[in-house]
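This report refers to the structure that appears directly beneath it.
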Amino acid sequence: MIRQERSKRWSQRLPPLALVLLMTGCSLFRGPPPETFELVGPSSVPTTSGTAAQILIPEPSALKTLDSERIVVATGPRLSYYPDAQWPDRMPKVYQAKAIEAFEKSKKAKAVGRPGEGLSIDYQLLTNIRSFEYRTDGAGGGFAHIEVTAKIMDDRNGRIVAVRTLTGDAAVHEDSAEGVVAGVDAALSQVLIELVRWTLGVI
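In my numbering, the protein residues as written are 338 to 540.
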């Protein structure tokens, strides 16, 4: 009872603004949420090879720095995040979704999907994302760089039938969130077109 009375007297002596900040957890000083940017990927994926196989694309692996919604900025060995901008989901999930879309746009694979979608799996496309970033010299110049390692695994016996490292680089013409996203999108399109052509050529 004595503790409650002391607490009440203490709160009565606080200025009104201090009480507001105490109750809201200083939320008045929080800025607006980051702006969210979507990646489009290639508009079409022309390829001569096709397959009747069903391909599973699990979520790629990536280091913790890349495994978030934040847009990575590399200045030499230093990694940071682009301010006030983000992807719509964790980057590996965004890549997974765009890879599936790229195979579907090729119209040369019988079925492609994620785990849990009921595929009769013939092959798995396992991916490790090594780089997915905006590389800048710190003076307003830079380019988007993506590097992934892909492995095609025969789901019937677990054997890796092919491995390839794919890279994409695209100029960033404007040091803004829109400019960086446009560059990353162009680099991603390069990687996905090469990924689809290579995979369908192997299986």
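For every residue, glycine included, the Cβ atom is placed at its ideal position computed from N, Cα and C. Since we're looking at a predicted model, the values are computed, not measured.
- Query: In its own chain, which residues sit with a C-beta less than 7 Å from the C-beta of PRO395, not counting the 5 before and 5 after it?
  - Reply: The beta carbon of PRO395 sits closer than 7 Å to the beta carbons of PRO452, GLN461 and LEU463 from its chain, once the five residues preceding and following it are set aside; these are given in chain order.
- Around the C-beta of LYS435, are 16 or more other C-beta atoms found within 10 angstroms, so that it is buried, or is it exposed? buried
- Message: Can you give me the C-alpha to C-alpha distance between THR385 and GLU531, rounded to a whole angstrom?
- Response: 13 Å
- Just checking my contact of SER405 with LYS442 at CB under 8 Å: how many whole Å lie between their CB atoms? Going by Cβ atoms, the distance from SER405 to LYS442 rounds to 27 Å, so no, they are not a contact pair.
- Take PHE440 and list the residues in its own chain whose beta-carbon comes closer than 6 Å to its own, dropping the five residues that flank it on each side. Non-local beta-carbon contacts of PHE440 in its own chain, meaning distances under 6 Å to residues more than five positions away in sequence, involve ALA446, VAL449 and VAL533 in chain order.
- Message: For ARG521 and LEU503, which I take to be in contact (beta-carbon distance under 8 Å), what is that distance rounded to the nearest angstrom?
- Response: Checking the displayed sequence, the identity of residue 521 turns out to be Val instead of Arg. Not quite, the Cβ-Cβ distance comes to about 15 Å (not below 8 Å), so this is no contact.
- Could you tell me the boundaries of the alpha helix (DSSP H) in which LYS430 lies? 428-443
- Task: Check each candidate in ARG407, PRO383 and GLN391 and name the one with the smallest Cα separation from PRO420.
- Result: ARG407
- Query: Smallest Cα separation from GLU375: which of LEU537, TRP535 and LEU525?
  - Reply: Residue LEU525 is the option with its Cα nearest to GLU375.
- Message: Let's see if you can read the secondary structure: which residues bound the alpha helix (DSSP H) around ALA523?
- Response: 514-539
- Query: Could you check where the beta strand (DSSP E) with VAL485 kicks off and where it finishes?
  - Reply: From DSSP, the beta strand (DSSP E) with VAL485 extends over 479-491.
- Query: Of the residues GLY413, ARG427, GLY495 and LEU529, which one's Cα is nearest the Cα of THR373?
  - Reply: When only C-alpha atoms are compared, the closest one is ARG427.
- Message: Just to confirm the assignment, what range does the beta strand (DSSP E) spanning GLY378 have?
- Response: No beta strand (DSSP E) holds GLY378; DSSP gives it neither H nor E.
- Query: Taking just the CA atoms, how far does SER398 sit from ALA519?
  - Reply: For ALA519 and SER398, the gap between their C-alpha atoms comes out near 24 Å.
- Taking DSSP as the reference, what is the three-state secondary structure of GLY450? strand
- Item | Straight-line gap, ILE483 to HIS510 (C-alpha atoms, nearest Å) | 17 Å
- Rounded to a whole number of angstroms, what is the C-alpha to C-alpha distance between GLU470 and VAL409? So the two alpha carbons sit approximately 5 Å from each other.
- Message: Buried or exposed for ALA389, going by 16 or more other Cβ atoms inside 10 Å?
- Response: exposed
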